[in-house]
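Protein chains in written order, with our numbering: chain V, 58 to 546; chain U, 58 to 546. C-beta atoms are modelled at their ideal positions from N, C-alpha and C, and glycine is treated no differently. Computed from a predicted structure; not experimentally measured.
Protein chains: 2
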Amino acid sequence: MTAFNDLMAYQRQTSALGQIAGRLGWDQETVMPRGAAPQRAEEMAAIEAVLHARRSDPRVAEWLESAYATSEADKAQLREIRREYDRAVKVPSDLATAIARVTSEAQGKWAQARANEDVAAFLPVLEEVVALKREEGAALAQGGDIYDAMVEDYEPYTTGAQIAEIFDQMRPRLVTLRAAVLDRPEPAALTGRFDELIQMRLSQKLAVAFGYDLNNGRVDKAVHPFSSGSGLDVRITTRTSETDPFNCFYSTIHEVGHAAYEQGIDPDYLLTPLGRGVSMGVHESQSRIYENQLGRSRAFTGWLFDQMKEAFGDFGIADADAFYGTVNRVHSGYIRTEADEVQYNLHIMLRFDLERALMAGDLQVSDLEAAWNDRFAADFGYAVDKPSNGCLQDVHWSVGLFGYFPTYSLGNVYAGCLNQALRKAVPDLDSQLAAGDSSGATGWLRENVQQFGGLHAPRENIQRASGVEPGPEALLTYLENKFGALYGL
Amino acid sequence: MTAFNDLMAYQRQTSALGQIAGRLGWDQETVMPRGAAPQRAEEMAAIEAVLHARRSDPRVAEWLESAYATSEADKAQLREIRREYDRAVKVPSDLATAIARVTSEAQGKWAQARANEDVAAFLPVLEEVVALKREEGAALAQGGDIYDAMVEDYEPYTTGAQIAEIFDQMRPRLVTLRAAVLDRPEPAALTGRFDELIQMRLSQKLAVAFGYDLNNGRVDKAVHPFSSGSGLDVRITTRTSETDPFNCFYSTIHEVGHAAYEQGIDPDYLLTPLGRGVSMGVHESQSRIYENQLGRSRAFTGWLFDQMKEAFGDFGIADADAFYGTVNRVHSGYIRTEADEVQYNLHIMLRFDLERALMAGDLQVSDLEAAWNDRFAADFGYAVDKPSNGCLQDVHWSVGLFGYFPTYSLGNVYAGCLNQALRKAVPDLDSQLAAGDSSGATGWLRENVQQFGGLHAPRENIQRASGVEPGPEALLTYLENKFGALYGL
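This is how it looks when you write it as structure tokens:
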């Protein structure tokens with residue numbers, strides 16, 4: 058057992074250092090003085106260098122050679138350590154350095170190009186990013202599919218072809234649903250102004266209602282909401298807008314989903330490879346089911362309506378039924394991050410197909426804008442009006458995040474499967490949610506998904522919990538039923 | 058130049074990692090969720106292990122062997138790197154581990170013993186701490202004086218004998234001054250309640266008035282005020298008490314002194330061994346001169362009086378002269394951290410003599426309480442009433458901090474020398490301070506002390522700035538004049 062124990066002690070330290078790097082990221086987005094940025098860049102580079110050196114340390118290979126494990130969990134630990142080590146040593150360090158340099162430059166150029174509506178100014182550096190990422194993908198894939206190797210970073214044990222199969226089933230039904238819904242009259246939108254301090258206070262209440270443990274976390278404001286950390290210190294951020302309290306509330310609930318996953322993992326896995334969410338897709342399944350299937354349900358919005366009336370007084374929505382319509386209002390738009398449940402996945406599929414083609418060499422960067430605009434018009438029924446509403450809207454590609462986008466929709470698909478099983482397992486879920494009590498739902502999710510951390514592969518995790526092979530049917534049925542009823546289709 | 062450049066690049070990374078460890082400490086005292094403590098302990102241990110390994114890395118010795126420098130600054134960099142490396146490799150790692158383990162245990166036992174007024178419960182573990190620290194001191198001293206080797210960690214290039222010489226001159230005059238002052242009627246104390254939010258707001262204003270740059274720092278609340286970080290990210294904390302706003306204001310000004318030092322260092326030294334305060338004593342000279350010679354001056358308290366009236370309305374002090382007396386009120390007490398300018402150094406000298414004797418083997422731990430109480434009665438004129446007011450009041454010895462206490466009084470001595478020179482260099486200082494403008498003072502301190510960081514040895518730094526060999530005369534004269542006038546001696 059010596060090799061196994063030594064390896065695990067080493068991994069614990071590496072995980073602890075990884076947590077520190079994450080904490081620095083939190084600090085940067087919440088409390089860091091503005092002028093500290095250049096120093097922080099050096100601090101981040103220093104800890105990342107330490108982490109990279111540890112992950113590719115030859116001792117890990119030696120330990121892996123002689124370590125053996127008997128329990129299921131210990132075997133899974135070795136599996137994950139091996140996967141991370143193999144990944145770390147496959148990419149030459151000058152390639153990694155080049156990617157870090159070019160993506161850092163690309164982010165600045167992307168922000169400027171977006172501000173100036175100038176796609177041409179971004180394409181040369183994006184070309185470099187794509188070339189370097191393809192090189193990295195080839196190093197990782199070692200003869201296999203480049204895009205699969207990239208997906209592996211975010212959604213291990215899952216291929217581009219598996220994702221494409223799911224997405225191809227979803228697309229026609231979502232295009233149809235979207236068109237049908239937008240053909241009907243829109244529910245009332247929220248109007249008026251909502252005090253931001255009261256939003257933050259109600260946010261905390263919502264977080265606690267969804268099982269977020271403030272003894273091991275905290276809620277702060279940031280420009281972009283996020284969840285950060287694992288184990289005993291999992292912090293979330295949200296944002297406020299005076300005219301759009303839903304942005305604050307549903308960002309909070311979404312991030313609580315991520316945080317609840319990290320807080321819910323078996324404490325035995327603390328600071329080990331199993332002690333974090335197993336994939337971005339399963340992570341997103343938690344944030345999405347909290348936000349949408351639970352948080353935007355008729356039952357829960359009834360409770361939220363009363364909370365908002367208590368906090369803000371009459372805010373111009375007649376009753377809980379009308380409020381449910383307002384919360385779930387489907388509205389034409391261009392921007393992924395502002396999209397509703399009906400349209401969100403169409404945004405993702407567009408990006409998935411384009412980035413997969415870019416990585417395969419089937420789409421040239423110079424043709425990206427035209428491809429984006431054609432696809433958008435086909436799925437949404439109207440033309441992109443400007444690049445910041447089109448192919449320049451997301452930061453991801455400038456950062457080199459290829460293979461990441463599909464995990465958002467995989468999360469929705471997984472959430473659909475989990476919701477179906479949850480409804481069967483907790484038959485009086487709606488009466489609980491109507492009282493602002495999500496403990497039945499969150500308890501089931503902790504028991505069936507969250508506690509396992511990295512123990513099972515993502516799809517296996519969802520299959521064990523939901524009892525079905527993960528596929529889009531449950532999500533599509535849920536969406537068609539919910540929005541069919543809401544819009545009288 | 059390759060060896061020098063490689064070494065400096067390595068040092069920059071080490072400094073950046075050191076900043077991260079410091080940031081974790083800040084986080085722990087200000088924003089960390091309570092339940093995160095056990096995980097944070099592992100995170101701190103992990104980054105400390107990385108830092109220790111880097112500081113004692115054999116490559117540092119190799120680089121030092123072939124590196125050469127021509128400029129004064131680069132030579133000083135090599136001098137400091139060599140000093141840190143020599144220190145890191147002299148202490149066997151199992152001794153360092155044993156000290157970490159025992160002092161961690163000792164802190165808990167100390168807190169409990171203090172709560173229970175039970176000296177006997179603390180002495181056995183203190184005995185272990187003393188034995189291990191003496192062992193460490195012997196490893197560091199390599200035949201030299203053990204206590205000198207410990208002082209070196211906090212006040213490099215300074216010996217116990219040099220400190221004793223200074224303190225021996227101070228003690229009789231301070232004992233006399235103390236007795237004379239306490240023989241006179243006390244000025245009015247502050248009464249009433251002071252809103253804590255308003256205290257924090259005025260605190261920020263005071264911080265800025267003393268030149269603290271909020272673009273590279275921030276002010277938060279913590280149980281114990283402290284300053285944290287170097288370079289572009291130097292944060293301070295303060296505390297509030299509804300009945301004692303001076304605690305908040307003067308803690309803030311004190312910490313701003315520490316922070317201004319770190320913020321004032323030549324930016325060329327960022328993330329290098331010279332890019333931080335050169336010693337605890339010089340650090341304390343900055344915090345003390347800001348807090349006392351400037352912040353508690355008649356001129357500045359006149360401005361503060363108006364600020365407080367504006368913020369809190371009439372608070373029962375008749376005028377600025379009376380307010381000056383209230384701020385500088387000398388009052389009998391047992392506790393070092395609550396002591397005024399007249400009595401503070403007496404507390405330190407007591408600790409210095411006792412800990413030096415402990416390290417020399419001239420005082421046994423079993424005799425510590427009696428020695429403390431005898432000395433206290435001799436210098437303060439009355440008996441210690443309970444251990445929490447006596448030898449159990451400070452955490453330092455349980456943490457293994459021997460050689461640290463004298464730097465507080467060295468700071469006062471240095472502040473006395475600097476104040477004398479500053480008054481000559483900026484003749485209209487008082488009229489500036491009376492208008493809440495400390496820029497003349499802080500500009501002079503930045504120019505003559507702060508900018509140099511670790512370039513000069515502590516005593517040299519003070520001598521260059523003040524034009525005199527650092528000694529207690531300036532401080533004693535300042536105290537005798539100030540309190541002589543205030544108390545009509």
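Limits of the unbroken beta strand (DSSP E) element including residue i
i	result
residue 506(V)	Neither: residue 506(V) is in no beta strand (DSSP E) and is coded neither H nor E.
residue 333(V)	Element bounds for residue 333(V): n/a, residue is neither H nor E.
residue 292(U)	292 to 295
residue 277(V)	276 to 278
Within chain V, the residues that residue i reaches when beta carbons sit closer than 8 angstroms
i	result
residue 89(U)	290
residue 271(U)	90
residue 106(U)	70
Under 8 angstroms between C-beta atoms of residue i and residue j
i	j	result
residue 176(V)	residue 490(V)	no
residue 264(U)	residue 309(U)	yes
residue 114(V)	residue 61(V)	no
residue 287(V)	residue 258(V)	no
residue 89(U)	residue 290(V)	yes
residue 327(V)	residue 96(U)	yes
residue 118(V)	residue 546(V)	no
residue 207(V)	residue 418(V)	no
residue 204(U)	residue 416(U)	yes
Chain U residues whose Cβ lies nearer than 9 angstroms to that of residue i
i	result
residue 274(V)	90, 92, 93
residue 343(V)	Result: empty, since nearest Cβ-Cβ is about 20 angstroms, beyond 9 angstroms.
Whole-angstrom C-beta distance between residue j and residue i, which should lie under 8 angstroms
i	j	result
residue 73(V)	residue 100(U)	5 angstroms
residue 77(V)	residue 104(V)	6 angstroms
residue 142(V)	residue 108(V)	No, residue 142(V) and residue 108(V) are not in contact; Cβ-Cβ is about 13 angstroms, not under 8 angstroms.
residue 148(V)	residue 197(V)	7 angstroms
residue 260(V)	residue 295(V)	6 angstroms
residue 186(U)	residue 447(U)	Going by Cβ atoms, the distance from residue 186(U) to residue 447(U) rounds to 18 angstroms, so no, they are not a contact pair.
residue 330(U)	residue 409(U)	That belief does not hold up - the Cβ atoms of residue 330(U) and residue 409(U) are roughly 27 angstroms apart, past 8 angstroms.
residue 193(U)	residue 152(U)	6 angstroms
residue 235(U)	residue 400(U)	6 angstroms
residue 267(U)	residue 317(U)	7 angstroms
residue 335(V)	residue 391(V)	Wrong, their Cβ atoms sit about 33 angstroms apart, outside the cutoff.
Residue i: contacting residues in chain V (beta-carbon distance under 9 angstroms)
i	result
residue 99(U)	69, 70, 72, 73, 76, 327, 328
residue 134(U)	Going along chain V, no residue has its Cβ under 9 angstroms from residue 134(U), so there is no contact; the nearest lies around 17 angstroms.
Under 7 angstroms by beta carbon: chain U residues contacting residue i
i	result
residue 263(V)	Neighbours of residue 263(V) on chain U: none; closest Cβ ~18 angstroms, over 7 angstroms.
Span of the alpha helix (DSSP H), counted from its first residue to its last, around residue i
i	result
residue 179(V)	176 to 198
residue 583(U)	For residue 583(U) there is no data in the structure shown, the boundaries of chain U being 58 and 546.
residue 462(U)	462 to 482
residue 368(V)	355 to 369
residue 317(V)	302 to 321
residue 390(U)	That residue, residue 390(U), is in no alpha helix (DSSP H); it is neither H nor E in DSSP.
residue 250(U)	Where residue 250(U) is concerned, there is no enclosing alpha helix (DSSP H), given that its DSSP letter is neither H nor E.
residue 122(V)	115 to 123
residue 513(V)	Unbroken run through residue 513(V): none, as it is neither H nor E.
Beta-carbon neighbours of residue i, restricted to chain U and to distances below 8 angstroms
i	result
residue 84(V)	80, 84
residue 507(V)	Here the premise fails: no neighbours, minimum Cβ distance about 17 angstroms.
Chain V contact residues for residue i, given Cβ-Cβ distances below 7 angstroms
i	result
residue 199(U)	Those do not exist, as residue 199(U) stays about 31 angstroms from chain V at its closest Cβ, beyond 7 angstroms.
residue 103(U)	70, 73, 74
Hey, is the segment 299 to 319 of chain U in contact with the segment 265 to 278 of chain U, meaning 3+ C-beta pairs nearer than 8 angstroms?
-> Contact between the segment 299 to 319 of chain U and the segment 265 to 278 of chain U is present, with at least three C-beta pairs closer than 8 angstroms.
Is it a yes or a no for the segment 523 to 541 of chain U touching the segment 468 to 479 of chain U, going by three-plus beta-carbon pairs under 8 angstroms?
-> yes
Mind the definition here: the segment 405 to 413 of chain U touches the segment 457 to 470 of chain U only if three or more C-beta pairs lie below 8 angstroms; say whether that holds.
-> yes
Is the segment 236 to 248 of chain U close to the segment 497 to 514 of chain U, with three or more CB pairs under 8 angstroms?
-> no
Is it a yes or a no for the segment 424 to 432 of chain U touching the segment 358 to 368 of chain U, going by three-plus beta-carbon pairs under 8 angstroms?
-> no
Pair every Cβ in the segment 513 to 530 of chain U with every Cβ in the segment 223 to 231 of chain U, then say whether three or more of these pairs are closer than 8 angstroms.
-> yes
Check whether the segment 175 to 190 of chain V touches the segment 412 to 426 of chain V, taking contact to mean three or more Cβ pairs, one atom from each stretch, closer than 8 angstroms.
-> Contact between the segment 175 to 190 of chain V and the segment 412 to 426 of chain V is present, because at least three Cβ pairs lie under 8 angstroms.
At least three beta-carbon pairs within less than 8 angstroms, the segment 209 to 222 of chain V to the segment 506 to 521 of chain V | By the Cβ rule, the segment 209 to 222 of chain V counts as touching the segment 506 to 521 of chain V, because three or more pairs are nearer than 8 angstroms.
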